[in-house]
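Taken in order, these protein sequences are the chains called A and B.
Just so it is clear: in the first sequence, position 71 is 201 by my numbering, and no numbers are missing.
Just so it is clear: in the second sequence, position 100 is 88 by my numbering, and no numbers are missing.
Ideal Cβ placement from N, Cα and C applies to all residues, glycine included.
All values derive from a computational prediction rather than experimental measurement.
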Amino acid sequence: QKEVEQDPGPLSVPEGAIVSLNCTYSNSAFQYFMWYRQYSRKGPELLMYTYSSGNKEDGRFTAQVDKSSKYISLFIRDSQPSDSATYLCAMSGQGAQKLVFGQGTRLTINP
Amino acid sequence: DVKVTQSSRYLVKRTGEKVFLECVQDMDHENMFWYRQDPGLGLRLIYFSYDVKMKEKGDIPEGYSVSREKKERFSLILESASTNQTSMYLCASSYPGTGGETQYFGPGTRLLVL
């Protein structure tokens, strides 16, 4: 079993829809949770960063962490065609210099 | 802004060739990483370095080596390229800390081995 599981999709939704992307993990030591966005033929860039449990909001994006269920989510409201990308979750534990990445979910927003 | 650059965006090499992929970061980061990214497999860590001349194996080091002679530069070496090393190679860097440090990625190098 992989340490981090992420549905690779692809996921295709109409413009304006609410998008929910999810990851599950097995290592209870993980405390830092990130979402990276990767456009086609580009490197990943950090989108959201959360420490421990709870919600974090940034514009149309909300990151949610439920450590009791070992489950993290990224919500995108009012999705736009420019949100079309691959979204990767990543996480690590206290003192860890390495990140463990999910497989990535390929998202397409249709105009 | 942190900038991570990679020497080539696209490379085509022959089986058996020695291949060098170069990565440079301009933010004085101690940590540097090499990943490969393949469809269906996600990002897999090949090697990382937490200081000059220091290196540690990642999850898939076989067939690769690395060199870090200067803090800002981290090189990935394919000693004898094989077709199964055709992939997207991504370099990243980060500050060392207590954990969860953001990694900053370069644009990637698409390597095709014929």
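Which one of the options has the shortest CA to CA distance from residue i?
{"i": "G4(B)", "options": "F93(B), Y83(B) and Q73(B)", "result": "Q73(B)"}
{"i": "V230(A)", "options": "P144(A), A147(A), Y155(A) and D137(A)", "result": "Y155(A)"}
{"i": "S150(A)", "options": "D137(A), Q161(A) and G223(A)", "result": "D137(A)"}
{"i": "K200(A)", "options": "Q161(A), G146(A) and P144(A)", "result": "Q161(A)"}
{"i": "K59(B)", "options": "Y83(B), K45(B), K6(B) and V7(B)", "result": "Y83(B)"}
{"i": "S55(B)", "options": "G94(B), Q(-6)(B) and L9(B)", "result": "L9(B)"}
{"i": "P144(A)", "options": "K172(A), T192(A), V134(A) and S209(A)", "result": "S209(A)"}
{"i": "G28(B)", "options": "E187(A), K197(A), K132(A) and K228(A)", "result": "K132(A)"}
{"i": "D196(A)", "options": "M178(A), S158(A), G173(A) and K228(A)", "result": "S158(A)"}
{"i": "E18(B)", "options": "I148(A), K228(A) and Q224(A)", "result": "K228(A)"}
{"i": "E57(B)", "options": "S70(B), R24(B) and M20(B)", "result": "M20(B)"}
For residue i, does the count of other Cβ atoms within 10 angstroms reach 16, so buried, or fall short, so exposed?
{"i": "R207(A)", "result": "exposed"}
{"i": "G30(B)", "result": "buried"}
{"i": "K(-9)(B)", "result": "exposed"}
{"i": "I34(B)", "result": "buried"}
{"i": "M15(B)", "result": "exposed"}
{"i": "L64(B)", "result": "buried"}
{"i": "S81(B)", "result": "buried"}
{"i": "T97(B)", "result": "buried"}
{"i": "S75(B)", "result": "buried"}
{"i": "S222(A)", "result": "buried"}
{"i": "G85(B)", "result": "exposed"}
{"i": "P241(A)", "result": "exposed"}
{"i": "L102(B)", "result": "exposed"}
{"i": "G248(A)", "result": "Within the shown structure, residues of chain A are numbered from 131 to 241, placing residue 248(A) beyond reach of any answer."}
{"i": "G146(A)", "result": "exposed"}
{"i": "T235(A)", "result": "buried"}
Between which residues of its own chain and residue i is the CB-CB distance below 6 Å, once the five residues before and five after are set aside?
{"i": "Q194(A)", "result": "N185 and S203"}
{"i": "S182(A)", "result": "Q161"}
{"i": "S68(B)", "result": "G4"}
{"i": "Q224(A)", "result": "Q161"}
{"i": "S(-4)(B)", "result": "T97"}
Taking 9 Å as the threshold (C-beta atoms), are residue j and residue i in contact?
{"i": "K1(B)", "j": "L99(B)", "result": "yes"}
{"i": "V12(B)", "j": "R61(B)", "result": "yes"}
{"i": "R190(A)", "j": "P95(B)", "result": "no"}
{"i": "A220(A)", "j": "V134(A)", "result": "yes"}
{"i": "F205(A)", "j": "T180(A)", "result": "no"}
{"i": "W22(B)", "j": "Y(-2)(B)", "result": "no"}
Leaving out the 5 sequence neighbours to the left and right, which residues in its chain are closer than 7 Å to residue i when beta-carbon positions are compared?
{"i": "G46(B)", "result": "L33, I34, Y35 and F36"}
{"i": "L176(A)", "result": "M164 and Y166"}
{"i": "M178(A)", "result": "M164, W165, K186, D188, F191, A193 and L204"}
Suppose the cutoff is 8 Å on Cβ atoms and the five residues either side in sequence are ignored; what does the same chain contact list for residue i look like?
{"i": "G266(A)", "result": "Here chain A has residues from 131 to 241 only, and residue 266(A) is not among them."}
{"i": "T238(A)", "result": "P140, L141, S142, V143 and S214"}
{"i": "P49(B)", "result": "I34 and Y35"}
Worksheet item: How about the region 212 to 229 of chain A and the region 166 to 174 of chain A: do they share at least three Cβ pairs that are nearer than 8 Å?
Response: yes
Practice prompt. Count the CB pairs spanning the region 85 to 94 of chain B and the region 34 to 48 of chain B that are closer than 8 Å, and state whether there are at least three.
Written response: no
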